[in-house]
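So the sequence shown is residues -22 to -1, 1 to 291, counted in mature numbering (1 follows the signal peptide of the UniProt record, and there is no 0).
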Amino acid sequence: MFSFLMALLIAAYVLSTKPSYSGSNSGNQYSSLLPEKKATISAPLTVQFNSDDYVIVGAPSAVSVGLQGSSALVTAAQGHNEIQAVADLRGLGVGQHTVNVALTGVSSSLTATVNPQTVTVTLAEKDSAKKDVQVQYDSSKIASGYQVSNATADVKSVTVTGPKDNVDAVDHVGADVSLDKNTKSNVNQTAKLTAYDKNNEPVQVTLSQQTTKVSLTITGSSSSSSSSGSTSKSVNLVAQAASGSLDNYTITMSPNTVTIYGSSDTLNSISSIPVNIDVSNITGKVTKTIGLTKPSGVDSLSDQSVQVTISPK
């Protein structure tokens, strides 16, 4: 009998539910005949805006909704929550806006109040750009006597989308490879993609793809030279300014040397490998990962990137 009564009450709740764009609504004359209950639920917030031209910044993902009415209907609303919150920014342009929060899906037999009643949201100019994907890994986790002879990612570039200032700040998209200590064998895994600025700090943007498959070919020094007929040579990494001057900075690199593989004639012509460092707008100590460019004629490098620490003097 109790189950039958509950089924009737839930059916009554569903039938009485209809879209409403008011922050609260009053119960009808019959709800006062039943035991009352109060409850608070979370409702997802949908922001309506011109998504072709703008992106939103600062909008909460949900709001709090207070419900009051018959115990059965409030319980049903808690268990079968169809209430949604809406913030309408359509017709508004770039800038910060404070708008009312409306509710939909509230039963006409319930009183509902939303908190907060307004939200402050920023509309920013939308921008997109294509950025190259760089495979990134901690070279210190490669076992001694081994090197990464090749690093590839299935995804070569992605489109980053977001506020124009954020998109402009993106230097590259990193495919971050997780390595075990003393790695000696090839690595194949799915790596997360993250947008980074020139200081290798994450940038909040949306990526057209979230992950990529990456492959690292790990070889020992002896096997690398014997299998290809090439020789090896250790050379220094030399810092050079990509922009600005390095005179006012202390630069440290890890590693500060790399092993190059290739023919004897090619290796004899190479004494160092330059590392291009951008120091513009650097006001404090930063550490970034910079990819190494393989010199012409060289078969492979022991490291594909270097950790560079930049400290103003």
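Note that beta-carbon positions come from the ideal geometry of N, C-alpha and C, so glycine has one too.
Alpha-carbon spacing of residue i relative to residue j, whole angstroms
i, j, result
"N254", "V216", "9 Å"
"L(-18)", "V52", "Confidence in L(-18) is poor, its pLDDT being 46 and thus under 50, which makes the residue's placement too unreliable to answer from."
"K170", "A50", "46 Å"
"V79", "K263", "44 Å"
"V84", "K15", "15 Å"
"V155", "L81", "44 Å"
"K176", "G69", "36 Å"
"K104", "S186", "14 Å"
"D110", "A153", "10 Å"
"V25", "A37", "8 Å"
"Q74", "L67", "10 Å"
"S241", "G198", "17 Å"
"D31", "T100", "13 Å"
"L88", "S48", "8 Å"
"K272", "S135", "20 Å"
"D243", "S210", "11 Å"
"V286", "V145", "24 Å"
"P252", "D225", "16 Å"
"D281", "G275", "16 Å"
"A173", "V183", "7 Å"
"S(-1)", "I34", "Confidence at S(-1) is low in this model, with a pLDDT of 41, below 50, so the placement of that residue should be treated as unreliable; the coordinate-derived value is given next. Cα-Cα distance, rounded: 23 Å."
"K291", "T261", "10 Å"
"S55", "P13", "The sequence shown places Ala at residue 55, rather than the Ser named in the question. Each residue's Cα considered, the two are about 15 Å apart."
Burial state of residue i (16 or more Cβ within 10 Å)
i, result
"T190", "buried"
"S212", "exposed"
"S223", "exposed"
"H150", "buried"
"Q218", "exposed"
"D277", "buried"
"D143", "exposed"
"Q112", "buried"
"S283", "buried"
"P141", "buried"
"Q125", "buried"
"Q114", "buried"
"S9", "The pLDDT assigned to S9 is 44, lower than 50, so where the model puts this residue is not dependable; a value taken from the coordinates is nonetheless given after this. Its Cβ being crowded by 16 or more others within 10 Å, S9 is buried."
"residue 302", "Here the chain has residues from -22 to 291 only, and residue 302 is not among them."
"A129", "buried"
Nearest residue (CA-CA) to residue i, options the options
i, options, result
"V92", "T209, S242, T18", "T18"
"T161", "N214, V136, D132, I120", "I120"
"S289", "S274, S258, Q26, D281", "S258"
"Q167", "T98, T195, S232", "T195"
"V148", "D225, G44, E179", "E179"
"I229", "L245, T267, T209", "T267"
"V236", "Y227, S193, T261, L270", "L270"
"V133", "H58, Q188, T265, K159", "Q188"
"V181", "Q62, E60, V138, S221", "V138"
Residue i CB to nearest heavy atom of the ligand MN below 6 Å
i, result
"S87", "By its list of ligands, the structure shown contains no ligand whatsoever, and the ligand MN lies outside what it can speak to."
Beta-bridge pairing of residue i - partner residues as DSSP gives them
i, result
"N214", "T235, S250"
"L279", "I238"
"G152", "Q112, T172"
"V41", "A21"
Proximity test, Cβ basis, 7 Å: residue i and chain D
i, result
"T18", "No chain D appears in the structure shown, which is made up of a single protein chain."
Can you list, in chain order, the stretches of the beta strand (DSSP E) that have 3 or more residues and sit fully within the stretch 51 to 114?
62 to 66, 73 to 82, 89 to 93, 96 to 114
Residue ranges of each alpha helix (DSSP H) within the stretch 155 to 211, 4 or longer:
199 to 206
Hey, which unbroken runs of the beta strand (DSSP E) at 3 residues or more fall wholly within the stretch 117 to 146?
124 to 131, 135 to 141
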